[in-house]
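Here is the structure we will look at, set down as structure tokens.
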Amino acid sequence: MTVFKGILLHFWKYRILIVILLSAFFIFAVMFSQGNSSENYTSESLRIDIIDHSRSEMSRGLIDYLDENNEVTVSNEENPDIEALEEKIFLNAIDGFITIPEDAESKFTSGRPVVETTADQRSTQHLQMQTAIRQYFTFLKADFDTTGELHTDAVTDLLSDSIDVEIHESVDVEAQSNFEYMRNYTNFAGYWIMLFLLILVGNIMSEFNSPELKQRINVSPMKTSTFMSQMILSQIVVGLFVVAFMFFGALALRTDSLSGVPLGKMFTALLLITAFTLSVHYVIAALTTNKFIINGLANFIAIGMAFLSGIMIPFEVMGQTAQNIAQYLPLYHFTQIYAEPDITWGGAALPMLVTVLYTAAFLITGMILENRRKTSS
Amino acid sequence: MIMMDGVVKRYNELIALDHFSFNAQDGEIVGLLGPNGCGKTTAINCMLSLLSFDSGDIEIFGRKVDSNNNDVKRRIGIVPQELAIFDKLNVYENVDFYCGLYIQNSKERKKLVEEAIDFVGLDKYRRFTPGKLSGGLKRRLNIACGIAHKPELLFMDEPTVAVDAQSRNFILEGVKKMKADGRTVIYTTHYLEEAEQLCDRMVIMDQGRNIAQGTVGQLQKSISTQERVEVGFLTEDPGMKQRLSELPHVVKVTNKNDNYLIHFEKQENNLANLIKFIESNNLTYTELTSERSTLSDIFLELTGKELRD
Amino acid sequence: MNLFRMTYYLISISFKDFGFWFWTLCYPLLLTGLFIIATSNMTVGELENINVGIQENQELSEVIGDIDFINMTVMSEEEAVLEMKQGDISGYIHGDNTLLVTETGFDQTVLEMVINQIEKVAEAGIPYENYDFEAQFIEENSQEAQPEAVLFYSLIAMIAFYGIFSGIEFMSSMQPNLDPMGARFAASPYSKVKFLSASVLGALILNLATNFLILAVIIILYKINLFTELGPTLGLLFIANLTGIGLGLIIGLLPKINAGMKTTVSVIFIIGLAALSGLMGPFIKIILIENNLAWVNTLNPLARLTDTMYKINFLGNYDDYWATIGMLTGYAAVFFSITLLSLRRKQYDSI
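Residue numbers (our numbering), protein chains in the order written: chain A, 2 to 378; chain B, 1415 to 1723; chain C, 4 to 354.
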């Protein structure tokens, strides 16, 4: 087991770097999959900033009403930074902002537009915000026209007591939100495992694959198959360590929120993507020992697959071309292994098979390239 | 030209130079000899003011070493032990780059670069990048980069390591030519033959100390073993070794293949005594050679270990 | 050797290096292509109507049918559940004005509000004729959300900092304690200031050339209009290049680590800074803002550059333009000063 130990010793030498990178990416992965978990149906809340110049009974009523179901930030500044708020919309950090002018009440009574909103008018969030504001003013105005007085509290109370929305009995909301968190986490973990292993294993193995060392190994009495199997075994050990760190790390974080999550499939998917990554590394290693190229390819392959497989940007919003390309990418099939909370092993079998086939295809390609390199040298 | 007096250089616990003293005169080739790790390169780096040292004095061209003294730097050239050339630049560009660190005038530099390339015999390879050159040719390029600006004082740190015989001879001839041009060369090596062939004077180093210095003759005189005689006889005699060791002035007798190697003390008529012994015992010898002690013997006697350890 | 000859040689060294071209040109171009494919359909052109299922003869049929942004289809509950799970409809109205859903979302929330409004009109006890459903209470402004544009600006910010590679390469090879070539350099009388100037000039020429090439591809070939304010953007990129080179120079100075390892660490470091500035999507930026960690990106030069680029080009906002220029210049000045001080260092303790 000389080669096995030798390679592991190399990894061990980089242990501090490995632990730092593992921890950094672990934090990234957790951030990536942030979301609120809930047990029942909840209205989708908007992130709204309100600039209240009016500070009137009416504006307070609007703010209270919107605050019931949304994340509202109120600012009373004289000269608010409108450009900063526009930037937030541009970045999707808020869904929109509302400006309530000083003379809001007189505008209201005289039937002129009362508030000013800014949002991306192409979005459903915009529609939701308009509907909510219009609803408040429609009721307030109807009441005002009837009674001649502003009953903001009454209107707020009336509207806040919303109808019941039923979630179909076949849907477990808690499981759904648990699942979504873990799905996002696993997606990112898949991307990161690819990047990390390709860079780490690539760089360390490039030392082992240097022509001078290869020559020594070739002339030694060790059989190529023994060398290869020990090399692969050591890489598998490293891969398993990384998968275990990411997977069990998430389990430890989410101990209480794991119901309805297809953990077995997620773990299998992570193992399969690790195997696939190692097979990709095998091809790269057969092509080059240049660390620049190894790092570049690792970066590009990992980030490219991650983008096109819906890990960085939701798959649904990508263009048709991108969606078509994704069908041919193993990382997409990796995400399909745990695509649904209630996916069966039968349902997961096809994407698993595709990932395995990709792994095999890369291994074979690697072997062909490796043999060609040997015969040519 | 160089005066180094009692220099001490420590790397934490390790003493790399232990009150090391050294000097070199104009136009000399001085060999710095010693096994790997004895402090040769450290001594050179201190002289070049690349390394700081803990105590002692170093003067070059009569001035204390100072990394900001560009007048002194301008008169010095170095050929480092490791190849210090750019992979991406070709032979001409490499020499021009390093020459350019010293020479501003482009016309003058062009002439000097051409001369240096000719000097190391790389004329045919001027457009080659180092990757396309053999190990020996790379070494020659390494030298060309250090000598192109015609330094008065040249430090050559093991310039012939891992070099084929042809390139080695080329390099050694080159160093001799430089001496003929009046340059001073400080030459470190652990190849004794090279030092014997090349150097006017030698300094033997071990564990950061200067353990002996002088010409080969002076060094030979400084040790007790002066002469070795190898003798072989037609007939074998188990008691012969004992009888030989009883001859006058013999230090010891060892076996060398089927022959005996007799180590004599410093004495005028050692060989005559041996011949007298052979004749008086009616022995027939198959081989009889006498050799003077080598640097290897000197080193062995001074340090108790082989130079190549 | 004069400054320009030295610059020429330094450029030659990088120019012939495949790694340099890969990182500064091939990699960003590949990423740009990738971003374009992935984000081509990201920003929806028009707001889509909400599809809803309704029970036959449900009392809200008439009112709901009149709402222009809702498409209503009559169906059974079983059909509705199936369609909801397939994502074809957002909710199902049945029974006593109940909304049945299978997931939470903005569409569902809008439906919830609409039904609520209809119910509350009846509940409020206000005469129906007093409701003015056509009244304009809102003056609407639009600010398009285009978070995916951040990807491109972040990518450009990243490549503007790729002068770091040349900086590392030049500086590492001139350190006696890192490279035997450094011993030659240090033992020579060549001016350190001149060498530093040549390194900066060389790295600047190389990196700006690759930056312009990438910008040209984005603008001319891909026809993406990211640079409405080209002049000021180029000014930013110029300063950012200097900052990147300065960073490379001080990383190059670090002892005991070879240039290859330094480059690898720098690649990861720059991608990390770029990720924080939005290379992987703006959500990381937003998370930082939401968790009161905005200072991370205030200090992150890549984030400052990214932000200022989209602000001036997309939002027409020049508020922090000069602050960013100042900050990047400040970083560069600090990096160059440290480098110069270190280069002037007299001797090394070990080589």
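Quick reminder that beta carbons are idealized off the backbone N, C-alpha and C, glycines included.
Annotated as proximal: Gly251 of chain C and Ile167 of chain C, with beta-carbon spacing under 8 Å. Taking a beta-carbon distance threshold of 8 Å, Asn1484 of chain B counts as an interface residue toward chain C.
Taking a Cβ-Cβ cut-off of 8 Å, the neighbours of Cys1559 of chain B in chain C comprise Arg187, given in sequence order. When only Cα atoms are considered, Thr1717 of chain B and Asp1620 of chain B end up about 7 Å apart. Per DSSP, the beta bridge partners of Gln1627 of chain B are B:Val1617. Using beta-carbon distances, Gly1453 of chain B does not count as an interface residue toward chain C, since no partner is under 8 Å.
In the DSSP assignment, Ile1517 of chain B falls outside any alpha helix (DSSP H), carrying neither H nor E.
One finds Phe1500, Leu1503, Glu1507, Asp1510, Phe1511, Gly1514 in chain B with Cβ atoms closer than 9 Å to the Cβ of Tyr12 of chain C, taken in chain order. For Leu1661 of chain B, no CB of chain C lies under 8 Å from its own CB, so it is not counted at the interface with that chain.
Inclusion of Tyr339 of chain A and Pro263 of chain A in the CB contact set at 8 Å is warranted, their separation being smaller than that value. Shown here, Lys314 of chain C sits in a helix according to DSSP, grouped into three states. Between Tyr30 of chain C and chain A, the shortest Cβ-Cβ separation is below 8 Å. With respect to chain C, the C-beta atom of Ser211 of chain A has no partner C-beta closer than 8 Å.
For Ala1594 of chain B, the enclosing alpha helix (DSSP H) has its first and last residue at 1579-1594. Contact between Tyr225 of chain C and Ile39 of chain C holds: their C-beta atoms lie close to 6 Å from each other, under 8 Å. In the structure shown, the three-state DSSP call for Thr1708 of chain B is coil. The C-beta distance from Ser1469 of chain B to Gly1535 of chain B rounds to 43 Å, too long to fall under 8 Å, and the pair is not in contact.
The C-beta distance from Gly191 of chain A to Leu271 of chain A rounds to 7 Å, short enough to fall under 8 Å. By the rule that beta-carbons nearer than 8 Å mark a contact, Gln1611 of chain B does not touch chain C.
For the pair Gly305 of chain A and Glu371 of chain A, the Cα-to-Cα distance works out to about 25 Å.
Residue pairing by DSSP puts Ile73 of chain C in a beta bridge opposite C:Ile53.
Contact between Phe109 of chain C and Glu45 of chain A is confirmed by a C-beta separation of about 5 Å, below the 8 Å threshold.
Closest option to Glu132 of chain C, judged by alpha-carbon separation, among A:Ala120, A:Asp146, A:Gln122, A:Leu279: A:Asp146.
Taking 8 Å as the Cβ-Cβ cut-off, the stretch 193-225 of chain C approaches chain B at Tyr193, given in chain order. Taking CB atoms only, Pro114 of chain A has a neighbour in chain C less than 8 Å away.
Take Ile312 of chain A, set aside five residues on each side of it, and the residues of its chain with a beta-carbon closer than 6 Å to its own are Asn188, Tyr192, in chain order. The secondary-structure analysis by DSSP pairs Ala262 of chain C with nothing; it has no beta-bridge partner. Nearest C-alpha to Ser178 of chain A among C:Thr107, C:Ala262, C:Ser345: C:Thr107. Judged by beta-carbon spacing, Leu160 of chain A lies within the 8 Å limit of Tyr137 of chain A, meaning their Cβ atoms are closer than that value. Under a 10 Å Cβ-count criterion, Lys1690 of chain B is classified as exposed, with fewer than 16 other Cβ atoms of the shown protein chains found around its own Cβ.
Excluding sequence positions up to five before and after Ser64 of chain C, its CB lies within less than 8 Å of the CB of Ile57, Met75, Val77, all in the same chain and listed in chain order. DSSP, reduced to helix, strand and coil, places Ala1498 of chain B outside both helices and strands of the structure shown, so it counts as coil. The beta carbon of Lys123 of chain C falls within 8 Å of a beta carbon belonging to chain A, placing the residue at that interface. Taking all protein chains shown into account, Leu1568 of chain B has 16 or more neighbouring C-beta atoms within 10 Å of its C-beta and is therefore buried.
Listed in chain order, the non-local C-beta contacts of Val104 of chain C below 6 Å within the same chain comprise Gly94, Gln111, local neighbours out to five positions each way being set aside. Per DSSP, the continuous beta strand (DSSP E) segment holding Thr119 of chain A begins and ends at 116-120.
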